[in-house]
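Working notes for the structure below.
Numbering (my numbering), first residue to last: -1 to 164.
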């Protein structure tokens, strides 16, 4: 399942880069570079800065993917509640816990790519006069990410507990 989710995340990343390449020629010389808490544009920058968001989220996904592979290779690096009990599990049981966590991480990074893609699309729309700023409802995105991370930690600890013999 995790492999499929990482594949979808990769496709979303490719889509973000393709979208950016397609709309880049239509951008004016100055584009929104930063939005305030209420969605208003508070800083403009050169159009070359349009490549920053795709580059940043690509870096974040690469680091996330790399760290998930590192934890698979060295489970003792995983930091979670009651880590000792997790490390007492047999390697096959550890792999089951880690496989579930890997799927959650892939979903998290897919969500990040979607959020960054939405920011990129909004920057394009604001730069070309299609809208005034970032909708205030965008705050749902960081709240969703925080909720997802909390869920991942809880679920991983719970899954490790369920794998522990009683």
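Using N, Cα and C, we set each Cβ at its ideal position, and we do this for glycine too.
Where the beta strand (DSSP E) through residue 39 begins and ends: Here the beta strand (DSSP E) through residue 39 covers 39 to 44.
Going by C-alpha distance, which of 124, 93, 156, 159 is nearest residue 68? Measuring C-alpha to C-alpha distances from residue 68 to each of 124, 93, 156, 159 identifies 93 as the nearest.
Give the range of the alpha helix (DSSP H) segment to which residue 71 is assigned. Per DSSP, the unbroken alpha helix (DSSP H) holding residue 71 starts and ends at 50 to 71.
Residue 17, enclosing alpha helix (DSSP H) - first and last residue: Segment 0 to 21, the alpha helix (DSSP H) holding residue 17.
Proximal residues to residue 49 (C-beta, below 7 Å), its chain only, five neighbours per side dropped: 18
Please determine, among 1, 36, 24, the residue with the shortest C-alpha to C-alpha distance to residue 119. 24
Considering Cα atoms alone, identify which of 51, 36, 29, 22 is closest to residue 42. 29
Classify residue 130 as helix, strand or coil using the three-state DSSP reduction. In the structure shown, residue 130 sits in coil (DSSP, three-state: anything other than H, G, I, E or B).
CB of residue 56 within 7 Å of CB of residue 11, strictly: yes
Terminal residues of the beta strand (DSSP E) in which residue 136 lies: It is not in any beta strand (DSSP E) - residue 136 carries neither H nor E in the DSSP assignment.
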